[in-house]
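Peer 1: Here it is, the structure in full.
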Amino acid sequence: AQGKPKSFLVDLIPPKKGQKRRTAPAKKELPRPVAKRLRKMGLGEKVAQVLLVGFEGQDLTAPVFAQLRKLGFGGIVVGSANYTSSAQLGALAGETRVIAEQARQVTPWVMAEQEGGEFNVFADLPPATSASRLSDVPQAAREADLAGRTLQPLGVNGVLAPVVDVATGADAAVGPRAYSDDPKAVAAYAKAVVSAYRRAGVLAAVRHFPGLGSAAQSTKEGPVNVGLSLEELSERDLVPFRAAIAAGAPAVLLSNALYAPDDFVVPGSLSRKIVTDLLRGKLGFEGVAITDDLSDPSITALGPVPKSAVKALAAGADMLYISGPQSDQEAAYRAILGAVRRGDVPRARLDEAVGRVLSVKLDYGLLRK
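If you're matching positions, the sequence shown starts at 275 in our numbering and goes up one per residue.
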């Protein structure tokens with residue numbers, strides 16, 4: 275019988291001298307509590323578990339909580355428009371847990387894009403300093419540690435940070451969100467910040483894989499080309515991601531930009547070549563791969579959100595971030611449900627994604643043993 279075709283990366287990125295070729299990581303046996311929960315879940319519950327959603331409102335009257343009671347989303351993202359004070363945030367996150375318990379659902383992630391300084395959604399909470407203004411790695415670690423120890427008791431158990439893109443030139447859109455223009459320096463920051471958040475019990479999702487540092491425009495403005503070859507990405511932009519993964523990063527946030535492996539026509543978050551071949555196969559990442567916001571113009575300019583959600587899951591993403599509107603979130607849920615039922619997305623792919631989500635939730639105390 276003919277063997278499985280080799281990855282396109284084998285020839286494009288040969289191993290360095292003395293380094294063995296890396297293949298996609300062998301599938302590990304799921305932890306017993308995860309396997310047990312997965313067996314009990316219906317198809318609808320599994321689909322809901324791969325959705326990470328934003329919402330409108332600042333309390334439980336927000337429509338998302340009716341959805342949460344009904345579907346049991348994998349997580350919610352709290353933004354600046356949802357926040358008034360730390361007390362209100364704590365109450366909101368606490369009620370989210372109560373809803374899940376009452377509905378006998380898996381506790382959802384409560385995440386925030388809390389990058390530091392002016393890039394915080396909770397302006398009065400740490401980290402206080404934006405990445406480019408940090409004096410050194412120890413300061414970054416201290417601020418991440420303080421942020422984790424502040425956010426975790428409030429019920430925020432994940433941050434869509436840090437940004438580990440390598441800034442390239444004065445025109446780089448990532449600008450002050452980046453630690454440095456030196457890959458090794460960014461790698462040192464990435465390791466320290468990921469480790470600090472892990473010690474505090476807060477998930478950190480390093481972003482934007484496979485690198486957004488050379489983009490001259492934000493993906494929140496429209497489609498963006500990252501005009502680097504795969505070799506250039508590997509030598510520069512992937513360095514911090516390798517370091518973060520080695521430090522135990524539990525999650526990676528996928529870029530919505532366009533990259534060379536797909537001839538600049540498929541966003542990274544929807545690309546099997548980026549997610550499965552590169553992130554899983556080349557870098558050996560076994561944690562949760564989260565898309566950047568599928569509601570961003572960089573995605574919606576290329577197609578409707580529900581269709582993109584199906585493509586992202588099929589490509590290998592484990593969680594699909596959709597900030598809104600609610601109609602798109604519900605349509606994405608139905609689209610994935612239909613795609614799995616028709617066989618367009620294999621049930622094994624959905625189970626793989628849910629298994630990863632639940633495994634990381636188990637590590638962070640969101641799934642009972």
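Where is the CB? At the ideal position from N, CA and C, for every residue including glycine.
Using 9 Å as the threshold, is the C-beta distance between residue 323 and residue 604 below it?
Peer 2: no
Peer 1: Under DSSP, the alpha helix (DSSP H) around residue 554 begins and ends at which residues?
Peer 2: Element bounds for residue 554: n/a, residue is neither H nor E.
Peer 1: So residue 523 and residue 561 are supposed to be a Cβ contact under 8 Å. How far apart are they, rounded?
Peer 2: 6 Å
Peer 1: Leaving out five residues on either side along the sequence, give the residues of the same chain with a beta carbon under 7 Å from the beta carbon of residue 644.
Peer 2: Residue 644 lies beyond the stretch modelled for the chain, which goes from 275 to 643, so this question has no answer here.
Peer 1: Taking the CB atoms as reference points, tell me whether residue 541 and residue 497 lie closer together than 9 Å.
Peer 2: yes
Peer 1: Evaluate residue 615 with the Cβ neighbour count: other Cβ atoms within 10 Å of its Cβ, from every protein chain shown; 16 or more gives buried, anything less gives exposed.
Peer 2: exposed
Peer 1: How would you write the range of the beta strand (DSSP E) that residue 370 sits in, first residue to last?
Peer 2: No beta strand (DSSP E) contains residue 370, which is instead part of the alpha helix (DSSP H) from 360-376.
Peer 1: Classify residue 567: buried if its beta carbon has 16 or more other beta carbons within 10 angstroms, exposed otherwise.
Peer 2: buried
Peer 1: Give the secondary structure of residue 247 by DSSP, where H, G and I count as helix, E and B as strand, and everything else as coil.
Peer 2: Here the chain comprises residues numbered 275 to 643, so residue 247 is not present and cannot be evaluated.
Peer 1: Give every residue of the same chain whose Cβ lies closer than 7 Å to the Cβ of residue 428, excluding the five residues on either side of it in the sequence, and list them in chain order.
Peer 2: 360, 363, 364 and 367
Peer 1: Residue 479 bridges to which residues according to DSSP?
Peer 2: 525
Peer 1: Can you confirm whether the region 495-514 touches the region 527-538 when touching is taken to mean that 3 or more C-beta pairs between the two stretches lie within less than 8 Å?
Peer 2: yes
Peer 1: Going by DSSP, which residues form a beta bridge with residue 325?
Peer 2: 594
Peer 1: For the beta strand (DSSP E) containing residue 466, list its first residue and its last residue.
Peer 2: Careful: residue 466 lies outside any beta strand (DSSP E), inside the alpha helix (DSSP H) at 457-474.
Peer 1: With distances taken from CA atoms, which of 501, 491 and 477 is nearest residue 563?
Peer 2: 477
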